[in-house]
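The structure appears below as C-alpha coordinates.
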Amino acid sequence: MAGISQNCKTGDVPAFGGCVGLASKALCGLTEAAGQASYLVGVSDPNSQAGHQGLVDAIQFARANQAIQMACQNLVDPDSSPSQVSWDIITQVLSSATIVAKHTSALCNACRLASSKTANPTAKRHFVQSAKEVANSTANLVKTIKALDGDFSQENRNTCLVATAPLIEAVENLTAFASNPEFASSPAQISNEGSAAQEPILQSARSMLDSSTHLLKTARSLVINPKDPPTWSVLAGHSRTVSDSIKGLITAIRDKAPGQRECDYSIDNINRCIRNIEQASLAAVSQNLASRDDISLEALQEQLTSTVQEIGYLINPISTAARGEAAQLGHKVTQLAGYFEPLIRASVGVASKLQDHQQQMTFLDQTKTLAESALQMIYAAKEGGGNPKASHTHDAIAEAAQLMREAVDDIMVTLNEAASEGGMVGAMVDSIAEAMGRVSGCDGGQDEWGMVDSMGRVSGCDGGRMSGVWWIPWAGEWGMVDSMGRVSG
1 MAGISQNCKT
11 GDVPAFGGCV
21 GLASKALCGL
31 TEAAGQASYL
41 VGVSDPNSQA
51 GHQGLVDAIQ
61 FARANQAIQM
71 ACQNLVDPDS
81 SPSQVSWDII
91 TQVLSSATIV
101 AKHTSALCNA
111 CRLASSKTAN
121 PTAKRHFVQS
131 AKEVANSTAN
141 LVKTIKALDG
151 DFSQENRNTC
161 LVATAPLIEA
171 VENLTAFASN
181 PEFASSPAQI
191 SNEGSAAQEP
201 ILQSARSMLD
211 SSTHLLKTAR
221 SLVINPKDPP
231 TWSVLAGHSR
241 TVSDSIKGLI
251 TAIRDKAPGQ
261 RECDYSIDNI
271 NRCIRNIEQA
281 SLAAVSQNLA
291 SRDDISLEAL
301 QEQLTSTVQE
311 IGYLINPIST
321 AARGEAAQLG
331 HKVTQLAGYF
341 EPLIRASVGV
351 ASKLQDHQQQ
361 MTFLDQTKTL
371 AESALQMIYA
381 AKEGGGNPKA
391 SHTHDAIAEA
401 AQLMREAVDD
411 IMVTLNEAAS
421 EGGMVGAMVD
431 SIAEAMGRVS
441 GCDGGQDEWG
451 MVDSMGRVSG
461 CDGGRMSGVW
471 WIPWAGEWGM
481 VDSMGRVSG
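In terms of the numbering used here, the sequence shown has 383 at position 383, counting the first letter as 1, and numbering is strictly consecutive.
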(Lines of atoms letter the chains of each structure in order from A and count residues from 1; the text may use other names and numbers.)
(Lines give C-alpha, C1' and ligand atoms only; values in the text may rest on other atoms or scores of the structure.)
Protein backbone atom coordinates (compact mmCIF):
# COMPACT_ATOMS: atom_id res chain seq x y z
CA MET A 1 0.00 0.00 0.00
CA ALA A 2 2.87 2.37 0.79
CA GLY A 3 4.42 1.61 -2.60
CA ILE A 4 1.16 2.38 -4.36
CA SER A 5 0.93 5.75 -2.63
CA GLN A 6 4.58 6.59 -3.30
CA ASN A 7 4.39 5.73 -7.00
CA CYS A 8 1.21 7.76 -7.34
CA LYS A 9 3.17 10.79 -6.15
CA THR A 10 6.04 10.22 -8.59
CA GLY A 11 3.83 9.12 -11.48
CA ASP A 12 5.96 5.99 -12.03
CA VAL A 13 3.34 3.87 -13.81
CA PRO A 14 5.41 0.64 -14.26
CA ALA A 15 6.40 0.61 -10.58
CA PHE A 16 2.80 1.43 -9.66
CA GLY A 17 1.61 -1.58 -11.65
CA GLY A 18 4.10 -3.83 -9.86
CA CYS A 19 2.88 -2.67 -6.45
CA VAL A 20 -0.73 -3.20 -7.47
CA GLY A 21 0.11 -6.76 -8.54
CA LEU A 22 1.79 -7.50 -5.21
CA ALA A 23 -1.10 -6.00 -3.26
CA SER A 24 -3.60 -8.01 -5.28
CA LYS A 25 -1.71 -11.23 -4.63
CA ALA A 26 -1.50 -10.51 -0.89
CA LEU A 27 -5.22 -9.68 -0.68
CA CYS A 28 -6.13 -12.90 -2.49
CA GLY A 29 -3.96 -14.85 -0.06
CA LEU A 30 -5.62 -13.20 2.92
CA THR A 31 -9.05 -13.90 1.48
CA GLU A 32 -8.23 -17.57 0.96
CA ALA A 33 -6.88 -17.83 4.51
CA ALA A 34 -10.01 -16.13 5.85
CA GLY A 35 -12.20 -18.63 3.99
CA GLN A 36 -10.27 -21.58 5.41
CA ALA A 37 -10.35 -20.10 8.90
CA SER A 38 -14.09 -19.50 8.75
CA TYR A 39 -14.64 -23.11 7.65
CA LEU A 40 -12.58 -24.43 10.56
CA VAL A 41 -14.44 -22.17 12.98
CA GLY A 42 -17.79 -23.37 11.66
CA VAL A 43 -17.08 -27.10 11.71
CA SER A 44 -15.37 -26.95 15.11
CA ASP A 45 -18.67 -26.00 16.73
CA PRO A 46 -19.93 -29.01 18.76
CA ASN A 47 -23.20 -29.02 16.81
CA SER A 48 -21.48 -29.06 13.40
CA GLN A 49 -20.20 -32.04 11.45
CA ALA A 50 -16.93 -31.84 9.54
CA GLY A 51 -16.76 -32.94 5.93
CA HIS A 52 -14.97 -36.16 5.07
CA GLN A 53 -12.97 -36.96 1.97
CA GLY A 54 -14.36 -39.90 0.06
CA LEU A 55 -12.53 -43.12 -0.64
CA VAL A 56 -12.36 -42.24 -4.34
CA ASP A 57 -13.00 -39.19 -6.49
CA ALA A 58 -16.03 -40.20 -8.55
CA ILE A 59 -15.58 -37.15 -10.80
CA GLN A 60 -12.03 -38.27 -11.67
CA PHE A 61 -13.34 -41.71 -12.63
CA ALA A 62 -16.12 -40.24 -14.76
CA ARG A 63 -13.74 -37.91 -16.60
CA ALA A 64 -11.26 -40.72 -17.20
CA ASN A 65 -14.06 -42.90 -18.53
CA GLN A 66 -15.15 -40.18 -20.96
CA ALA A 67 -11.58 -39.49 -22.13
CA ILE A 68 -10.84 -43.20 -22.68
CA GLN A 69 -14.03 -43.71 -24.69
CA MET A 70 -13.26 -40.71 -26.92
CA ALA A 71 -9.68 -41.88 -27.42
CA CYS A 72 -10.84 -45.37 -28.37
CA GLN A 73 -13.28 -43.88 -30.85
CA ASN A 74 -10.50 -41.83 -32.44
CA LEU A 75 -8.32 -44.94 -32.76
CA VAL A 76 -10.81 -46.53 -35.13
CA ASP A 77 -12.14 -43.37 -36.78
CA PRO A 78 -14.46 -44.62 -39.53
CA ASP A 79 -13.98 -41.42 -41.53
CA SER A 80 -10.47 -42.48 -42.50
CA SER A 81 -9.60 -45.42 -44.72
CA PRO A 82 -6.29 -47.19 -45.42
CA SER A 83 -6.03 -45.33 -48.72
CA GLN A 84 -6.38 -41.99 -46.90
CA VAL A 85 -3.63 -42.55 -44.35
CA SER A 86 -1.82 -39.31 -43.60
CA TRP A 87 0.57 -37.98 -41.03
CA ASP A 88 -2.37 -36.37 -39.21
CA ILE A 89 -4.13 -39.72 -38.84
CA ILE A 90 -0.97 -41.38 -37.54
CA THR A 91 -0.53 -38.52 -35.07
CA GLN A 92 -4.15 -38.96 -33.98
CA VAL A 93 -3.56 -42.66 -33.32
CA LEU A 94 -0.47 -41.98 -31.23
CA SER A 95 -2.21 -39.18 -29.33
CA SER A 96 -5.18 -41.42 -28.56
CA ALA A 97 -2.87 -44.17 -27.34
CA THR A 98 -1.16 -41.68 -25.02
CA ILE A 99 -4.52 -40.56 -23.60
CA VAL A 100 -5.58 -44.15 -22.97
CA ALA A 101 -2.30 -44.96 -21.20
CA LYS A 102 -2.45 -41.81 -19.07
CA HIS A 103 -6.00 -42.28 -17.81
CA THR A 104 -5.87 -46.05 -17.32
CA SER A 105 -2.69 -45.61 -15.28
CA ALA A 106 -4.42 -42.98 -13.13
CA LEU A 107 -7.41 -45.28 -12.60
CA CYS A 108 -5.20 -48.19 -11.57
CA ASN A 109 -3.35 -45.98 -9.07
CA ALA A 110 -6.66 -44.72 -7.67
CA CYS A 111 -7.84 -48.33 -7.25
CA ARG A 112 -4.61 -49.23 -5.47
CA LEU A 113 -4.99 -46.34 -3.02
CA ALA A 114 -8.68 -47.09 -2.44
CA SER A 115 -8.01 -50.76 -1.74
CA SER A 116 -5.32 -49.82 0.79
CA LYS A 117 -7.60 -47.36 2.61
CA THR A 118 -10.87 -49.26 2.80
CA ALA A 119 -11.62 -51.65 5.64
CA ASN A 120 -14.35 -53.36 3.61
CA PRO A 121 -12.88 -56.65 2.30
CA THR A 122 -15.43 -56.90 -0.52
CA ALA A 123 -14.64 -53.40 -1.76
CA LYS A 124 -10.92 -54.08 -1.39
CA ARG A 125 -11.13 -57.17 -3.63
CA HIS A 126 -13.34 -55.37 -6.14
CA PHE A 127 -10.91 -52.47 -6.54
CA VAL A 128 -7.97 -54.86 -6.98
CA GLN A 129 -9.83 -56.99 -9.53
CA SER A 130 -11.04 -53.92 -11.44
CA ALA A 131 -7.51 -52.56 -11.65
CA LYS A 132 -6.29 -55.89 -13.03
CA GLU A 133 -9.03 -55.93 -15.67
CA VAL A 134 -8.26 -52.36 -16.75
CA ALA A 135 -4.52 -53.04 -16.86
CA ASN A 136 -4.86 -56.29 -18.83
CA SER A 137 -7.29 -54.85 -21.37
CA THR A 138 -5.05 -51.79 -21.77
CA ALA A 139 -2.03 -54.02 -22.44
CA ASN A 140 -3.96 -55.93 -25.09
CA LEU A 141 -5.09 -52.70 -26.73
CA VAL A 142 -1.53 -51.33 -26.79
CA LYS A 143 -0.39 -54.40 -28.74
CA THR A 144 -3.01 -53.78 -31.42
CA ILE A 145 -2.12 -50.07 -31.54
CA LYS A 146 1.52 -50.94 -32.21
CA ALA A 147 0.43 -53.19 -35.07
CA LEU A 148 -1.86 -50.46 -36.40
CA ASP A 149 0.94 -47.91 -36.25
CA GLY A 150 3.14 -50.22 -38.34
CA ASP A 151 0.46 -51.10 -40.88
CA PHE A 152 -2.70 -49.01 -41.08
CA SER A 153 -4.66 -51.82 -42.76
CA GLN A 154 -8.33 -52.60 -42.43
CA GLU A 155 -7.51 -55.88 -40.69
CA ASN A 156 -5.42 -54.12 -38.04
CA ARG A 157 -8.12 -51.51 -37.57
CA ASN A 158 -10.70 -54.23 -36.97
CA THR A 159 -8.37 -55.92 -34.48
CA CYS A 160 -7.90 -52.60 -32.68
CA LEU A 161 -11.66 -52.03 -32.64
CA VAL A 162 -12.23 -55.43 -31.04
CA ALA A 163 -9.54 -54.71 -28.41
CA THR A 164 -11.19 -51.44 -27.36
CA ALA A 165 -14.41 -53.16 -26.28
CA PRO A 166 -13.02 -54.99 -23.18
CA LEU A 167 -11.24 -51.83 -22.03
CA ILE A 168 -14.34 -49.68 -22.38
CA GLU A 169 -16.40 -52.29 -20.53
CA ALA A 170 -13.84 -52.60 -17.71
CA VAL A 171 -13.62 -48.83 -17.28
CA GLU A 172 -17.41 -48.42 -17.33
CA ASN A 173 -17.83 -51.13 -14.68
CA LEU A 174 -15.14 -49.53 -12.52
CA THR A 175 -16.71 -46.08 -12.88
CA ALA A 176 -20.12 -47.44 -11.89
CA PHE A 177 -18.63 -49.14 -8.83
CA ALA A 178 -16.72 -46.00 -7.82
CA SER A 179 -19.98 -44.02 -7.98
CA ASN A 180 -21.30 -45.95 -4.98
CA PRO A 181 -22.44 -43.39 -2.36
CA GLU A 182 -20.52 -45.41 0.22
CA PHE A 183 -17.27 -44.11 -1.31
CA ALA A 184 -18.40 -40.52 -1.84
CA SER A 185 -17.16 -37.48 0.04
CA SER A 186 -19.53 -35.94 2.57
CA PRO A 187 -19.78 -32.14 2.78
CA ALA A 188 -19.53 -30.32 6.08
CA GLN A 189 -22.76 -29.58 7.92
CA ILE A 190 -22.31 -26.32 9.78
CA SER A 191 -24.77 -25.55 12.56
CA ASN A 192 -26.49 -22.22 13.12
CA GLU A 193 -24.10 -21.54 16.00
CA GLY A 194 -21.16 -22.35 13.75
CA SER A 195 -22.45 -19.99 11.06
CA ALA A 196 -22.80 -17.22 13.63
CA ALA A 197 -19.21 -17.79 14.77
CA GLN A 198 -18.04 -17.46 11.16
CA GLU A 199 -19.64 -14.07 10.62
CA PRO A 200 -16.98 -11.80 12.23
CA ILE A 201 -14.29 -13.35 10.02
CA LEU A 202 -16.38 -13.13 6.86
CA GLN A 203 -17.47 -9.56 7.59
CA SER A 204 -13.87 -8.43 8.11
CA ALA A 205 -12.82 -10.14 4.88
CA ARG A 206 -15.64 -8.44 2.94
CA SER A 207 -14.71 -5.06 4.38
CA MET A 208 -11.06 -5.62 3.45
CA LEU A 209 -11.91 -6.49 -0.15
CA ASP A 210 -14.40 -3.65 -0.59
CA SER A 211 -12.05 -1.01 0.79
CA SER A 212 -9.13 -2.41 -1.22
CA THR A 213 -11.16 -2.17 -4.41
CA HIS A 214 -12.00 1.47 -3.70
CA LEU A 215 -8.37 2.19 -2.83
CA LEU A 216 -7.06 0.75 -6.12
CA LYS A 217 -9.66 2.63 -8.16
CA THR A 218 -8.70 5.87 -6.44
CA ALA A 219 -4.99 5.16 -6.89
CA ARG A 220 -5.51 4.55 -10.60
CA SER A 221 -6.87 8.08 -10.94
CA LEU A 222 -4.03 9.57 -8.90
CA VAL A 223 -1.22 7.92 -10.87
CA ILE A 224 -2.56 9.68 -13.96
CA ASN A 225 -3.20 12.99 -12.19
CA PRO A 226 -1.06 13.19 -9.00
CA LYS A 227 -1.92 16.84 -8.33
CA ASP A 228 -5.47 16.35 -7.03
CA PRO A 229 -5.68 17.08 -3.26
CA PRO A 230 -9.30 15.90 -2.74
CA THR A 231 -8.49 12.52 -4.29
CA TRP A 232 -5.45 12.17 -2.02
CA SER A 233 -7.74 12.65 0.96
CA VAL A 234 -10.06 9.91 -0.35
CA LEU A 235 -7.06 7.58 -0.86
CA ALA A 236 -5.92 8.13 2.73
CA GLY A 237 -9.40 7.25 3.99
CA HIS A 238 -9.50 4.02 1.98
CA SER A 239 -6.01 3.13 3.17
CA ARG A 240 -7.07 3.47 6.82
CA THR A 241 -10.14 1.32 6.17
CA VAL A 242 -8.03 -1.40 4.54
CA SER A 243 -5.61 -1.37 7.47
CA ASP A 244 -8.42 -1.52 10.04
CA SER A 245 -10.14 -4.34 8.14
CA ILE A 246 -6.97 -6.45 8.07
CA LYS A 247 -6.44 -5.88 11.80
CA GLY A 248 -10.08 -6.79 12.44
CA LEU A 249 -9.69 -9.95 10.35
CA ILE A 250 -6.64 -11.06 12.32
CA THR A 251 -8.40 -10.36 15.62
CA ALA A 252 -11.52 -12.25 14.53
CA ILE A 253 -9.47 -15.28 13.47
CA ARG A 254 -7.55 -15.25 16.75
CA ASP A 255 -10.70 -14.89 18.87
CA LYS A 256 -12.64 -17.55 16.96
CA ALA A 257 -9.78 -20.03 16.52
CA PRO A 258 -11.18 -23.59 16.33
CA GLY A 259 -11.40 -25.42 19.61
CA GLN A 260 -10.29 -22.53 21.82
CA ARG A 261 -13.71 -21.90 23.31
CA GLU A 262 -14.24 -25.63 23.88
CA CYS A 263 -10.81 -25.90 25.51
CA ASP A 264 -11.68 -23.06 27.90
CA TYR A 265 -14.99 -24.70 28.77
CA SER A 266 -13.30 -28.07 29.32
CA ILE A 267 -10.62 -26.49 31.51
CA ASP A 268 -13.29 -24.91 33.72
CA ASN A 269 -15.20 -28.18 33.89
CA ILE A 270 -12.16 -30.26 34.92
CA ASN A 271 -11.04 -27.62 37.44
CA ARG A 272 -14.46 -27.88 39.05
CA CYS A 273 -14.10 -31.66 39.17
CA ILE A 274 -10.65 -31.33 40.78
CA ARG A 275 -12.14 -29.12 43.50
CA ASN A 276 -14.82 -31.75 44.13
CA ILE A 277 -12.26 -34.55 44.47
CA GLU A 278 -10.19 -32.38 46.82
CA GLN A 279 -13.24 -31.86 49.03
CA ALA A 280 -13.84 -35.62 49.06
CA SER A 281 -10.19 -36.19 50.00
CA LEU A 282 -10.49 -33.79 52.93
CA ALA A 283 -13.61 -35.62 54.08
CA ALA A 284 -11.79 -38.95 53.82
CA VAL A 285 -8.85 -37.63 55.84
CA SER A 286 -11.23 -36.62 58.64
CA GLN A 287 -13.12 -39.95 58.36
CA ASN A 288 -16.27 -38.08 57.29
CA LEU A 289 -16.69 -39.42 53.73
CA ALA A 290 -20.34 -40.46 53.54
CA SER A 291 -20.93 -43.90 52.04
CA ARG A 292 -23.26 -44.20 49.05
CA ASP A 293 -26.09 -46.60 49.82
CA ASP A 294 -27.93 -46.31 46.49
CA ILE A 295 -25.51 -48.50 44.51
CA SER A 296 -23.24 -51.47 45.11
CA LEU A 297 -19.46 -51.35 45.21
CA GLU A 298 -19.27 -53.70 42.23
CA ALA A 299 -21.47 -51.41 40.11
CA LEU A 300 -19.38 -48.38 41.06
CA GLN A 301 -16.17 -50.21 40.17
CA GLU A 302 -17.62 -51.15 36.79
CA GLN A 303 -18.63 -47.52 36.16
CA LEU A 304 -15.19 -46.29 37.15
CA THR A 305 -13.41 -48.87 34.99
CA SER A 306 -15.55 -48.04 31.95
CA THR A 307 -15.07 -44.28 32.39
CA VAL A 308 -11.30 -44.53 32.80
CA GLN A 309 -11.09 -46.70 29.69
CA GLU A 310 -13.09 -44.19 27.66
CA ILE A 311 -10.77 -41.43 28.82
CA GLY A 312 -7.79 -43.56 27.80
CA TYR A 313 -9.23 -44.09 24.32
CA LEU A 314 -9.39 -40.31 23.77
CA ILE A 315 -5.72 -39.57 24.49
CA ASN A 316 -4.42 -40.32 21.00
CA PRO A 317 -7.31 -38.61 19.13
CA ILE A 318 -6.85 -35.42 21.17
CA SER A 319 -3.09 -35.49 20.65
CA THR A 320 -3.59 -35.91 16.90
CA ALA A 321 -6.20 -33.14 16.73
CA ALA A 322 -4.02 -30.76 18.74
CA ARG A 323 -1.12 -31.22 16.34
CA GLY A 324 -2.90 -30.97 13.01
CA GLU A 325 -6.69 -31.41 12.98
CA ALA A 326 -8.13 -28.14 14.20
CA ALA A 327 -11.66 -29.01 13.10
CA GLN A 328 -11.71 -32.00 15.47
CA LEU A 329 -10.07 -30.34 18.47
CA GLY A 330 -13.23 -28.83 19.96
CA HIS A 331 -15.21 -32.05 19.58
CA LYS A 332 -12.54 -34.20 21.21
CA VAL A 333 -11.80 -32.01 24.24
CA THR A 334 -15.52 -31.56 24.89
CA GLN A 335 -15.95 -35.33 24.76
CA LEU A 336 -13.04 -35.78 27.17
CA ALA A 337 -14.31 -33.22 29.68
CA GLY A 338 -17.71 -34.89 29.67
CA TYR A 339 -16.27 -38.02 31.27
CA PHE A 340 -14.87 -36.33 34.36
CA GLU A 341 -18.06 -35.66 36.28
CA PRO A 342 -19.07 -39.37 36.13
CA LEU A 343 -15.43 -40.25 36.88
CA ILE A 344 -15.45 -38.18 40.07
CA ARG A 345 -18.84 -39.52 41.18
CA ALA A 346 -17.77 -43.13 40.64
CA SER A 347 -14.36 -42.64 42.27
CA VAL A 348 -15.77 -40.93 45.35
CA GLY A 349 -18.47 -43.59 45.53
CA VAL A 350 -15.91 -46.41 45.41
CA ALA A 351 -13.75 -44.71 48.04
CA SER A 352 -16.77 -44.20 50.31
CA LYS A 353 -17.45 -47.94 50.37
CA LEU A 354 -13.88 -49.02 51.11
CA GLN A 355 -13.03 -49.83 54.71
CA ASP A 356 -9.29 -49.36 54.31
CA HIS A 357 -8.35 -45.69 54.71
CA GLN A 358 -5.19 -46.07 52.61
CA GLN A 359 -7.19 -47.55 49.74
CA GLN A 360 -9.61 -44.65 49.96
CA MET A 361 -6.83 -42.12 49.63
CA THR A 362 -5.18 -44.08 46.80
CA PHE A 363 -8.36 -44.01 44.72
CA LEU A 364 -8.97 -40.32 45.35
CA ASP A 365 -5.35 -39.29 44.77
CA GLN A 366 -5.06 -41.25 41.53
CA THR A 367 -8.35 -39.82 40.29
CA LYS A 368 -7.10 -36.32 41.04
CA THR A 369 -3.82 -37.08 39.24
CA LEU A 370 -5.76 -38.26 36.18
CA ALA A 371 -7.84 -35.07 36.20
CA GLU A 372 -4.73 -32.91 36.54
CA SER A 373 -2.99 -34.73 33.69
CA ALA A 374 -6.08 -34.23 31.51
CA LEU A 375 -6.02 -30.55 32.44
CA GLN A 376 -2.39 -30.31 31.33
CA MET A 377 -3.30 -32.14 28.12
CA ILE A 378 -6.04 -29.65 27.30
CA TYR A 379 -3.77 -26.68 28.03
CA ALA A 380 -1.17 -28.15 25.64
CA ALA A 381 -3.86 -28.90 23.04
CA LYS A 382 -5.18 -25.36 23.28
CA GLU A 383 -1.69 -23.98 22.70
CA GLY A 384 -1.20 -26.27 19.70
CA GLY A 385 -4.61 -25.32 18.35
CA GLY A 386 -4.58 -28.04 15.70
CA ASN A 387 -1.93 -26.11 13.77
CA PRO A 388 0.59 -28.49 12.12
CA LYS A 389 3.01 -25.58 11.69
CA ALA A 390 3.12 -24.86 15.45
CA SER A 391 5.86 -27.46 15.89
CA HIS A 392 7.14 -25.75 19.05
CA THR A 393 4.01 -26.99 20.86
CA HIS A 394 4.17 -30.61 19.71
CA ASP A 395 6.67 -31.79 22.33
CA ALA A 396 4.49 -30.43 25.13
CA ILE A 397 1.47 -32.21 23.64
CA ALA A 398 3.36 -35.51 23.46
CA GLU A 399 4.60 -35.12 27.04
CA ALA A 400 1.11 -34.35 28.35
CA ALA A 401 -0.30 -37.35 26.49
CA GLN A 402 2.31 -39.65 28.04
CA LEU A 403 1.59 -38.35 31.55
CA MET A 404 -2.09 -38.94 30.97
CA ARG A 405 -1.47 -42.52 29.81
CA GLU A 406 0.55 -43.17 32.96
CA ALA A 407 -2.26 -41.78 35.12
CA VAL A 408 -4.76 -44.05 33.36
CA ASP A 409 -2.45 -47.04 33.84
CA ASP A 410 -2.05 -46.33 37.57
CA ILE A 411 -5.74 -46.12 38.32
CA MET A 412 -6.48 -49.22 36.24
CA VAL A 413 -3.88 -51.21 38.20
CA THR A 414 -5.58 -50.15 41.43
CA LEU A 415 -8.98 -51.08 40.00
CA ASN A 416 -7.69 -54.49 38.92
CA GLU A 417 -6.34 -55.16 42.41
CA ALA A 418 -9.57 -54.07 44.06
CA ALA A 419 -11.66 -56.09 41.63
CA SER A 420 -9.58 -59.22 42.22
CA GLU A 421 -9.79 -58.86 45.98
CA GLY A 422 -13.50 -58.20 45.79
CA GLY A 423 -14.26 -61.26 43.63
CA MET A 424 -15.13 -59.18 40.58
CA VAL A 425 -13.06 -61.26 38.18
CA GLY A 426 -15.96 -62.01 35.86
CA ALA A 427 -16.91 -58.37 35.40
CA MET A 428 -13.32 -57.37 34.77
CA VAL A 429 -12.89 -60.12 32.16
CA ASP A 430 -15.95 -58.81 30.30
CA SER A 431 -14.64 -55.25 30.48
CA ILE A 432 -11.21 -56.24 29.22
CA ALA A 433 -12.71 -58.40 26.45
CA GLU A 434 -14.63 -55.36 25.25
CA ALA A 435 -11.48 -53.25 25.32
CA MET A 436 -9.58 -55.94 23.39
CA GLY A 437 -12.24 -55.92 20.73
CA ARG A 438 -12.10 -52.16 20.36
CA VAL A 439 -8.34 -52.09 20.10
CA SER A 440 -8.26 -54.95 17.60
CA GLY A 441 -10.98 -53.37 15.50
CA CYS A 442 -9.01 -50.13 15.25
CA ASP A 443 -5.46 -51.33 14.92
CA GLY A 444 -5.32 -54.85 13.69
CA GLY A 445 -6.36 -57.25 11.00
CA GLN A 446 -7.10 -60.97 11.08
CA ASP A 447 -3.64 -61.91 12.38
CA GLU A 448 -3.88 -59.53 15.30
CA TRP A 449 -7.36 -60.79 16.13
CA GLY A 450 -5.93 -64.28 16.53
CA MET A 451 -3.15 -62.99 18.72
CA VAL A 452 -5.52 -61.04 20.95
CA ASP A 453 -7.83 -64.03 21.31
CA SER A 454 -5.07 -66.43 22.26
CA MET A 455 -3.13 -64.07 24.51
CA GLY A 456 -6.25 -62.73 26.17
CA ARG A 457 -7.21 -66.06 27.71
CA VAL A 458 -6.81 -66.24 31.45
CA SER A 459 -3.94 -68.57 32.23
CA GLY A 460 -4.83 -69.36 35.80
CA CYS A 461 -6.91 -68.54 38.84
CA ASP A 462 -5.97 -68.84 42.45
CA GLY A 463 -8.54 -68.44 45.16
CA GLY A 464 -10.66 -65.99 43.16
CA ARG A 465 -7.60 -64.05 41.98
CA MET A 466 -6.75 -63.97 38.32
CA SER A 467 -3.38 -64.22 36.63
CA GLY A 468 -2.41 -64.26 32.97
CA VAL A 469 -1.45 -62.11 30.00
CA TRP A 470 -3.73 -59.15 29.32
CA TRP A 471 -3.80 -56.61 26.52
CA ILE A 472 -3.66 -53.16 28.12
CA PRO A 473 -5.57 -51.03 25.55
CA TRP A 474 -4.82 -47.58 26.94
CA ALA A 475 -1.11 -48.41 27.08
CA GLY A 476 -1.00 -50.11 23.70
CA GLU A 477 1.12 -53.02 24.99
CA TRP A 478 0.97 -56.49 26.57
CA GLY A 479 1.09 -56.70 30.34
CA MET A 480 1.41 -59.52 32.83
CA VAL A 481 -1.20 -59.77 35.57
CA ASP A 482 -0.02 -61.78 38.56
CA SER A 483 -2.14 -63.66 41.05
CA MET A 484 -2.65 -60.49 43.08
CA GLY A 485 -4.02 -58.62 40.06
CA ARG A 486 -0.95 -56.43 39.70
CA VAL A 487 -0.07 -55.38 36.16
CA SER A 488 3.47 -55.25 34.86
CA GLY A 489 4.85 -54.51 31.39
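A virtual CB, placed ideally from N, CA and C, is assigned to each residue, including glycine.
Among the bridge pairs identified by DSSP, residue 52 is matched with 186.
For residue 278, the closest of 372, 202, 239 and 301 by C-alpha to C-alpha distance is 372. Going by DSSP, residue 1 is part of no alpha helix (DSSP H) at all; its letter is neither H nor E. In the structure shown, residue 354 falls within a coil segment according to DSSP collapsed to helix, strand and coil. Counting along the chain, residue 325 sits inside no alpha helix (DSSP H), nor does DSSP assign it H or E at all. Spanning the alpha carbons of residue 328 and residue 44 requires a straight line of approximately 6 Å. Residue state for residue 260 is assigned as helix, using DSSP reduced to three classes. DSSP places residue 307 in the helix class (H, G or I) of the three-state scheme. Under a 10 Å Cβ-count criterion, residue 235 is classified as buried, with 16 or more other Cβ atoms of the shown protein chains found around its own Cβ.
With the rule of 3 Cβ pairs closer than 8 Å, the segment 50–60 counts as touching the segment 178–188. Residues of the same chain with a CB within less than 7 Å of the CB of residue 99, apart from the 5 flanking positions on each side, are 67 and 71 in chain order. Take the alpha-carbon of residue 316 and the one of residue 254: they are about 26 Å apart.
Taking a cut-off of 8 Å on C-beta distances, the segment 339–357 touches the segment 366–380, as three or more cross pairs fall below it.
Scanning its chain for C-beta atoms nearer than 7 Å, with the 5 sequence neighbours on each side dropped, one finds around residue 219 the residues 4, 8 and 235, in chain order.
One Cα belongs to residue 205, the other to residue 262, and the distance between them is close to 25 Å.
DSSP places residue 221 inside the alpha helix (DSSP H), whose first and last residues are 192–224.
Excluding five sequence positions before and after residue 159, the CB atoms of its chain that fall closer than 6 Å to its own CB belong to 144, given in chain order. Annotation for residue 19: 3, 4 and 7 place their beta carbon closer than 7 Å to its own, counting only its chain and skipping 5 residues before and after. A straight line joining the alpha-carbon of residue 211 with that of residue 246 spans about 10 Å. In the DSSP assignment, residue 137 falls within the unbroken alpha helix (DSSP H) covering 121–150.
Within its own chain, the residues whose Cβ lies closer than 7 Å to the Cβ of residue 163, once the five positions on either side in sequence are excluded, are 140, 141 and 144, listed in chain order. By the C-beta density criterion, residue 36 is exposed, having fewer than 16 other C-beta atoms within 10 angstroms. Under the DSSP assignment, residue 161 falls in the alpha helix (DSSP H) whose first and last residues are 154–178. Counting along the chain, the unbroken alpha helix (DSSP H) around residue 31 starts and ends at 13–43.
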